[in-house]
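If you count the sequence shown from 1, position 39 lands on 38 in numbering that gives the first Met the number 0, and the numbers rise without skipping. We put the beta carbon where it would ideally sit given N, CA and C, even for glycine. One structure is given here, and the rest of the page talks about it.
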Amino acid sequence: MRFQSNERILLIGDSITDADRRQDPEEIGYGYTRLIRDYYTVTYPQKNLSFVNKGVGGNRVTDLAARWKEDVLTCNPDWLSVSIGINDVWRQLDNPQMEQVYPEDFEKVYYNLLKQVKAQTKAKIILMEPTIIEEKINSDGNRMLIPYVKVVHRLAETFDAVLVPTHEVFINFLQSGQGIELTTDGVHMTSVGNMLMAQTWIKTLS
């Protein structure tokens, strides 16, 4: 258990993190963030941990940059968990005419965001690998994700961050041939997908 009493954990990312948080009276959303919050609330009630969801649907790393000061730096959390990269790849597939965020741009922007966190806050950093794009291991999306996953690994090492191997775990699950759907559309999570994300996050932080 890495968390100390009364710490605040901020989770930021795209729609997978967002999970309709604006429709949720608790503003935690209905995805993996809720499962993580509920686990720690039930297991360690004496810790009095608080979880803040700052996911926004459709976000790429460049969108995080546009709201980083307000949603991260100003909040000054004790822990910052980042899950980003799916839309940086997905937009290349479903909207190729728009300006794209390729791996080198992804790394440059992401690096700058984490550098700001280290310089301006006390937050410890948690980096989640982007999950999957389609439930076929060798889909175009999953092949294109590989360099983005590698960027997350490099940044985790550079910033001494906790690395949550969500892409690896999802691929391993698909390879097991269970035939259980993890996503509703190749990207957004089913309840099983959310549970796999939350379980991986919790195990990594244990």
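Helix, strand or coil: how does DSSP classify Thr-183 here?
For the purposes of this step, residue 183 is identified with residue 184 of the sequence shown, where counting begins at 1. Looking at Thr-183 - three-state DSSP - the assignment turns out to be coil, as it is neither helix nor strand.
Would you mind sorting Pro-44 into buried or exposed? The rule is 16 or more other CB atoms within 10 Å of its CB.
Walking along the sequence shown from the start, residue 44 turns up at place 45. It counts as exposed.
From Leu-10 to Phe-50, what distance separates their C-alpha atoms?
Mapped onto the sequence shown, residue 10 falls at position 11. Mapped onto the sequence shown, residue 50 falls at position 51. Each residue's alpha carbon lies about 7 Å from the other.
Could you give the residue range of the beta strand (DSSP E) that holds Gly-54?
As a working note, residue 54 is residue 55 in the sequence shown. Note, Gly-54: beta strand (DSSP E), 49-54.
State the start and end residues of the unbroken alpha helix (DSSP H) segment that holds Val-161.
By 1-based counting over the sequence shown, the position of residue 161 is 162. Taken as a continuous stretch (DSSP letters only), Val-161 belongs to no alpha helix (DSSP H), being part of the beta strand (DSSP E) at 161-163.
Go to Met-127, then tell me how far its beta strand (DSSP E) extends in each direction, as first and last residue.
Working through the sequence shown from its first residue, we reach residue 127 at position 128. Note, Met-127: beta strand (DSSP E), 123-127.
Can you give me the C-alpha to C-alpha distance between Gly-140 and Ile-131, rounded to a whole angstrom?
Mapped onto the sequence shown, residue 140 falls at position 141. Mapped onto the sequence shown, residue 131 falls at position 132. Approximately 7 Å, taken between the alpha carbons.
Whole angstroms are fine: how far does the CA of Gln-174 sit from the CA of Thr-157?
Sequence index remark: in the sequence shown, residue 157 carries index 158 (1-based). Sequence index remark: in the sequence shown, residue 174 carries index 175 (1-based). Their Cα atoms are separated by approximately 30 Å.
Decide if the region 149-164 is in contact with the region 180-191; the criterion is three or more beta carbon pairs, one per stretch, under 8 Å apart.
no
Report all residues from its chain with a CB closer than 6 Å to the CB of Asn-264; omit the five preceding and five following residues, and keep chain order.
Residue 264 falls outside the range modelled here, since the chain spans only 0 to 205, and no answer is possible.
Helix, strand or coil at Ile-136 [DSSP, three-state]:
Here residue 136 refers to the residue found at position 137 of the sequence shown. In the structure shown, Ile-136 sits in coil (DSSP, three-state: anything other than H, G, I, E or B).
Find the nearest neighbour of Glu-106 within the set Asp-17, Ala-65 and Thr-61, judged by alpha-carbon distance.
For the purposes of this step, residue 106 is taken as residue 107 along the sequence shown, with counting starting at 1. The option with the nearest alpha carbon to Glu-106 is Thr-61.
Given a cut-off of 8 Å on the beta-carbon distance, is the pair Glu-26 and Asn-52 in contact?
As a working mapping, residue 26 is identified with position 27 in the sequence shown. As a working mapping, residue 52 is identified with position 53 in the sequence shown. Yes, these two residues count as a Cβ contact at 8 Å.
Leaving aside the five residues before and after Ile-8 along the sequence, list all residues of the same chain whose C-beta is less than 6 Å from its C-beta, in chain order.
The sequence position of residue 8 within the sequence shown is 9, counting from 1. Listed in chain order, the non-local C-beta contacts of Ile-8 below 6 Å within the same chain comprise Phe-50 and Trp-78, local neighbours out to five positions each way being set aside.
Which residue from Glu-103, Asp-159 and Val-41 puts its Cα closest to that of Lys-117?
By 1-based counting over the sequence shown, the position of residue 117 is 118. Closest option to Lys-117, Cα to Cα, is Asp-159.
From Val-161, Gln-177, Ile-179 and Asp-104, pick the residue whose C-alpha is nearest to that of Pro-146; which is it?
Numbered from 1 along the sequence shown, position 147 holds the residue referred to as residue 146. Nearest C-alpha to Pro-146: Asp-104.
My output table needs one value for Ile-11: the three-state DSSP class, helix, strand or coil.
Taking the sequence shown and counting its residues from 1, the one referred to as residue 11 is at position 12. Shown here, Ile-11 sits in a strand according to DSSP, grouped into three states.
Going by DSSP, what residues sit across from Val-81 in a beta bridge?
Here residue 81 refers to the residue found at position 82 when the sequence shown is read from its first residue. Per DSSP, Ile-11 and Leu-126.
If you measure between the beta carbons of Gly-84 and Pro-24, is that distance less than 8 Å?
For the purposes of this step, residue 84 is taken as residue 85 along the sequence shown, with counting starting at 1. For the purposes of this step, residue 24 is taken as residue 25 along the sequence shown, with counting starting at 1. No, Cβ-Cβ distance for Gly-84 and Pro-24 is not below 8 Å.
Measuring straight from C-alpha to C-alpha, what distance separates Val-161 and Thr-203?
Counted from its first residue, the sequence shown places residue 161 at position 162. Counted from its first residue, the sequence shown places residue 203 at position 204. Each residue's Cα considered, the two are about 8 Å apart.
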